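Chains as they are written, first to last, in our numbering: chain Y, 1 to 457; chain W, 1001 to 1479.
Notes follow the structure.
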Amino acid sequence: MSQTNQSLNAEQLRSQLEGIAQQHGIRQWDLGAACSTDTSVQVDRGEPKQLKGAQRSSITIRVWNSEGLVGTTSTSDLSQSGLERALSGARDAAAFGNAEETPAFSPLATAPLTALDQPLHQPQGILKLLEQLKAAEHDLLGRHQAISTVPYNGLAERSSERIYLNSDGACRQQQLTTASIYLYARAEESGRKPRSSGAVRLAYGASDLDIAGCIDEAAERTISHLDYAPVETGRYTCVLSPEAFLDLIGAFSNLFNARSVLDGVSLSQKDSIGQSLAVPFLSIDDNGLHPGNIGASNFDGEGTPTRKLSLLEGGVLKNFLHSEATARAFGVAPTGHAGLGAKVSVGPDWFEIGPTPGTSGGQSGLDRFKADQPIIWIDSLSALHAGVKASQGSFSLPFDGWLIKGGEARSIDAATVAGDIRQVLNAIVGFEGEAKVTPDGLCPMVWVEGLSITGEA
Amino acid sequence: MIASIPSHAELLLGPFDQRWSPRLESLLAMGKAAGADLVEIFLERTDHLGVLAEQDTITSVTPAFGMGAGIRVFRDQRDGFVSTNDLSEAGLTTALTQALGMLGLDLDGTGLSGFEGLPALRDFALEKNLWLSSCPELTESTQKLLEGTAQLQQKGKHLQARRGSYARDWQEVMVAASDGTFGRDIRLHQSVGLNVLAADGDHRAGVGRRYGTSDSPDDLRQWDVAQAADEVCTSAGNMLYADYVEAGQMPAVLANRFGGVIFHEACGHLLETTQVERGTTPFAEKVGETIAHEAVTAIDEGLTGGAFGSLSMDDEGLEAQRTVLIENGVLKRFLSDRAGELRTGHARTGSGRRQSHTFAAASRMRNTYIAAGPHQPEDLIASVDRGLYCKSMGGGSVGPTGQFNFAVEEGYLIEDGKLTKPVKGATLIGEAKEVMPRISMCANDLELAAGFCGSVSGSIFVTVGQPHIKVDSITVGGR
């Protein structure tokens, strides 16, 4: 009997795999499996544009051969013949496994997991999603006469399930429902360039989405960019929005990534723990379990429990993110940040950024509208895939934002911000406002001095 | 003679061929009878191999395979799309039912289908059935990559990390639609990349190059490893001690090959009908008007032999074409797919493309390039008093208002008409409408380069290209 696209049966999958493995003389294996059902809608000026549904299933199998080398194979074919082919393919690939660094099962693959409060929602159905999005678009179009279209929009709901199993008996399983809405409006006034901005919201179900908040934010941001001017090239004190600062830290997360350290492509070295990387009042934690992390998982690709991990405290590097193999190389425990593969990837979950408890947190009472110098307020960064040189530390990125002078903010026409992440971390002046929950983490506004801005003035 | 109906297992084990016709015809007829204007079914089978070599060791071998279907239903100007991994009759019927339901239609419809059945299969893959088995085996591909990282070690200095990567993507597709489309094709893409990180004290330079071709199982075997390693190491050596570029407005000369990413990002995306539909292109009403300097002729086609973006038929079953987008500065055509033709009136150009069965096809670029001009490349550099020479580009993107950006991976200052010192950290930004008229000179050295393009229908194989071109003024972001 085959698995279906709509659900995974862990025990049935284990039974199938054990049978096939036995036939092929395979004694050690593990797998990660996932399936999902997605429904999404897009609209265009009151009409449905595209309605989309998808049922996906996938599985990645790792096999250790008789010499202890590891091979993997992935497939979307969960039929008996698909599983057989995947298992034998992984065994064949194991002949090319890396003898110098062989992954093993995580020693924590059966450790207790932290329970997550993730209510499961029934899907609303595509026609209701469509009506909600049409209403949202209509509302947004009515907010300002210059807003003529909402060219990028979508309302989606997803039901998903993932499993980790291994031949030592580990079994992890998670079910999740999520929903999202994004609204990016385009506004244009006569004789002026078109301007665009938007907002996103996530929730565990479509009925919980803050659609009104998304409309308000998209409208406010788009309208705020209508009155724009070029900015002069120079060095400025910049205030990065929580989203922008989190994007920057995420782009340079190789600073904290043990895999990157071992591969020689991190800005950190194996002995960097304990070194100062930033101003003495900056803390960065990785906390995939934070309740604001919609879609959190309580185990990683190797079955290791997710947990909160201090990365920077008082500006000092405290820990690296690890998989089983990197943790073994460093003589520590896996931290719950692994993928699944022959060479296991490592990545962050969700950042918490802010002042180190017990420190002053830099300059106090910062308010970008009361500054006595021109301030660049960076709202969002673009093209990180192209403008970030992660292994070099440098970046040069287009951004949307405002120039604040004398308490007045005016949108900036095309401009870029450039710098080096190590200099940025040591040029933080302080924080403004309360930390905000975003899809990528928790962070207040961050003041950084001396960043290079290129404008067209 | 009546042929026996093959079982599901027989269908899945063999190639996509005429035997699928009864199952597909049944689905198409059901969809039409339910009230759909058009029903399209896209079947896909894939086989992927990825290999990674780091320093002198193979560190990852990642085979993957899969199959699936995407069913799209049109009614009036709307469409519903559902994808599934389940190619059984029940699975496909469920997907069709869901797609119809999105448009308020159901299989209980008693209308006449008006569907007259599928014609004989147009099989573009007749000569391609042995491609997958003719590709290099794992032993051969791993050896070739290790040869690459060894060449890097031999040719480079201060190298902290060396990587070679290989990806082989085989895809078999079948497209059937109720308008009589019935085609099959096999695509084969192979790409290899070399990357280094050079480090000396505080100086660091990360340089990478990727080479990609299509439709030839021997491509990896014929890859000139030494030349590729030489190119990467020379670039890393030049960039290791480079200063950051000084920001500002300046003329720029963009090298051929991957320099073509500027046209791809700045203009090409704005000539897709998906952008017309969204109202996000400034060129929507400009066909027949001058939108670029008269030196610029730009083409998008799917025909160049072995190019990364070439295809025998698009993902909607239409044969690839050569589409002149801009001729001597005048906008001639948009790239259009089935939905684009329906919603904008621009005729299809064989440009309906998608990453996989999980995406509906959309109008996308194939091999896109600016045509060669009359000048020698050195003439362009000689014409600049002070500016930037962009020898190698990183990636880029275009926003919803037509604003583009892309990173310069390897740049040099131009001073008094000559290349002087290397500079790093440059980003070029601008708007297509403003930059296209500033491309004032095109050289005679057109070359193409392989790339990947991510957009509404996923990540697809494309080619960018151009000769050396001169942009009279562009904003260079730096420090």
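The C-beta atom is built at its ideal place from N, Cα and C for all residues, glycine as well.
Quick caveat, the model's predicted, so the values are computed rather than measured.
- Residues of the same chain with a CB within less than 6 Å of the CB of Y/F245, apart from the 5 flanking positions on each side, are C443 and V446 in chain order.
- The DSSP-derived three-state label of W/K1032 is helix.
- Chain-order list of chain Y residues neighbouring W/P1400: P151, Y152, Y184, R186 and S196, by C-beta distance under 7 Å.
- Annotation for W/S1060: the continuous beta strand (DSSP E) segment containing it runs T1057 to R1075.
- Around the beta-carbon of Y/K134, 16 or more other beta-carbon atoms lie within 10 Å, marking it buried.
- Residues of chain W with a Cβ closer than 9 Å to the Cβ of Y/H144 do not exist, since the nearest Cβ in that chain sits about 16 Å away.
- Our two residues, W/E1301 and Y/A111, have alpha carbons roughly 56 Å apart in a direct line.
- Around W/R1023, the same chain offers L1011, E1089 and L1092 as residues with beta carbons nearer than 8 Å, after the five sequence neighbours per side are excluded.
- Around the C-beta of Y/F369, fewer than 16 other C-beta atoms lie within 10 Å, and the residue is accordingly described as exposed.
- Distances from the CA of Y/A219 to each of Y/G142, Y/L311, Y/V332 and Y/G295 were compared; the closest alpha carbon is that of Y/G142.
- Using a Cβ-Cβ distance cut-off of 8 Å, the segment 1278-1297 of chain W and the segment 1308-1316 of chain W are not in contact, since fewer than three pairs of beta carbons, one from each stretch, lie closer than that value.
- Y/E67 has a beta carbon lying at 7 Å or more from every beta carbon in chain W.
- The DSSP assignment places 282-286, 309-313 and 351-355 as complete runs of the beta strand (DSSP E) inside the segment 279-357 of chain Y, in order along the chain (cut-off: 3 residues).
- W/L1126 sits exposed, since fewer than 16 C-beta atoms from the chains shown fall within 10 Å of its C-beta.
- Not one beta carbon of chain Y lies nearer than 7 Å to the beta carbon of W/L1100.
- Cβ-Cβ distances below 7 Å link W/K1032 to V1039, S1113, G1114, F1115 and S1178 in the same chain, with the five nearest sequence neighbours on each side left out; the list follows chain order.
- Secondary structure at Y/C214: helix, using DSSP grouped into helix, strand and coil.
- Between Y/V429 and Y/Q373, the C-beta spacing is not below 7 Å.
- Every alpha helix (DSSP H) of 4 residues or more that sits fully in the segment 360-417 of chain Y is shown, in chain order, as 384-387.
- The DSSP-derived three-state label of Y/Q175 is strand.
- Neighbourhood of W/S1459 in chain Y, by CB distance below 8 Å: empty, with the nearest CB roughly 12 Å away.
- When DSSP states are grouped into helix, strand and coil, W/A1161 belongs to the strand group.
- Each residue's CA atom was taken as its position, placing Y/D263 and Y/V344 some 12 Å apart.
- In the three-state DSSP reduction, Y/P103 falls in the coil class, being neither helix nor strand.
- Excluding residues up to 5 positions away in sequence, I59, I61, T73 and T75 lie with their Cβ nearer than 7 Å to the Cβ of Y/A86 in the same chain.
- When 7 Å is used as the limit between beta carbons, W/G1206 is near these residues of chain Y: K389, S391 and Q392, in chain order.
- For the pair Y/G19 and Y/R27, the Cα-to-Cα distance works out to about 11 Å.
- Contact of W/L1318 with chain Y is not assigned, every C-beta pair being separated by 7 Å or more.
- In the structure shown, W/H1375 adopts extended strand secondary structure according to DSSP, grouped into three states.
- With 16 or more other CB atoms across the displayed protein chains lying within 10 angstroms of its CB, Y/D285 is buried.
- Taking a cut-off of 8 Å on C-beta distances, the segment 1364-1378 of chain W touches the segment 1291-1308 of chain W, as three or more cross pairs fall below it.
- The Cβ of W/Q1160 sits closer than 7 Å to at least one Cβ of chain Y.
- Interface flag for W/G1080 against chain Y is set, since a Cβ pair is found closer than 7 Å.
- In this structure W/F1406 touches Y/A386 by the C-beta definition: roughly 6 Å separates them, less than 8 Å.
- Going by C-alpha positions, W/H1008 is about 59 Å away from Y/R192.
- Annotation: Cβ neighbours of Y/R56 in chain W (cutoff 7 Å, chain order): N1085 and T1358.
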